[in-house]
């Protein structure tokens, strides 16, 4: 609250004060007129000016007395992250303000108590989910190893295809567990973050190798195009997660297309002071009306509704991670023709944004 708002808030009192002053003056004038005496205008004006002066002095004193209170309240209105300003409200200015501070303090304590309760519940749930996911990853790895050993044996073609199908489903399960794990970790991103110089080509090759079964089973040909080894400053684990999400999406929406020429082309190149990683597939593409919403959480779009594997979280987590890393990610697509996702790494720019 500033002086203008203060005066506006007390306009009724000021008006009553002036009305009262004028009534006193009029009554004095009536008395003089009744007694048929001449009016003493200088005295009347003097009395009016003196009254106005007293009013101004009263307003200045009262506003000065409450100025600190108003300043802290204005600060509280601007605060978005903290309620600590409540404890800076001065005590014993007026009874009304003391009651107001007590009310705010009580509400703050209730809020903190409930918030602490939900923090503990959330942490317990997250710790349980984290531990459960890690426990599930072990049997998944064991099953994959058993299937690989079985596949190396001399078995008939039908059984081999069955093993390949099981391996693909295990890959989906492993991918889902990985996504769930990173969804939990992203809340504590700043605690799980290491800046280093990362070889992008090495990251891409690792991701392609991890998804080789999906490429083979779905007859999709991955192609990496680059003229040089490109290194960028980022977090290796998180950027690998992003690349894995994009490539998994590309596989998911390319395999459902009826075509004998399915491919995913991964390009790494420099452009001025930027390093760009693009991943382009010739799958079903994205409808124009869905393109602006692909980074929204749980948004699957028209194509996602017909795909039981779609969660709507892959691109959302990729965008969130890139924003935190200081990288740019964008998508362009033409329905039934292609989808292209580009990650841009800026040189010399702060690479984290919590």
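Numbering (the numbering used here), first residue to last: 10 to 363.
Ideal Cβ positions, reconstructed from N, Cα and C, are used throughout, including at glycine.
Note that the segment 261 to 278 does not touch the segment 190 to 197; fewer than 3 beta-carbon pairs, one per stretch, sit closer than 8 angstroms. If you compare the alpha carbons of 229, 206, 223, 259 with that of residue 238, the shortest gap goes to 206. In this structure residue 259 is in contact with residue 292, their Cβ atoms being roughly 7 angstroms apart against a cut-off of 8 angstroms.
For residue 241, there is no enclosing alpha helix (DSSP H); the residue is part of the beta strand (DSSP E) that begins and ends at 240 to 243.
Burial state of residue 336 is buried, judged by a 10 Å Cβ sphere holding 16 or more other Cβ atoms.
A check of alpha carbon separations from residue 211 across 277, 23, 345 identifies 277 as the nearest. Rounded to the nearest angstrom, the gap between the Cα atoms of residue 61 and residue 86 is 34 angstroms. When rounded, the separation of the alpha-carbon atoms in residue 218 and residue 83 is 58 angstroms. Spanning the alpha carbons of residue 236 and residue 253 requires a straight line of approximately 22 angstroms. Sequence-distant Cβ neighbours of residue 321 in its own chain, meaning closer than 7 angstroms and more than five residues away, are 306, 307, 308, 309, 313. A Cβ-Cβ contact shorter than 8 angstroms links residue 226 with residue 177. Under the three-state reduction of DSSP, residue 201 is assigned to coil, being neither helix nor strand. Going by C-alpha positions, residue 16 is about 48 angstroms away from residue 199.
Residue 272 is bridged by DSSP to 230.
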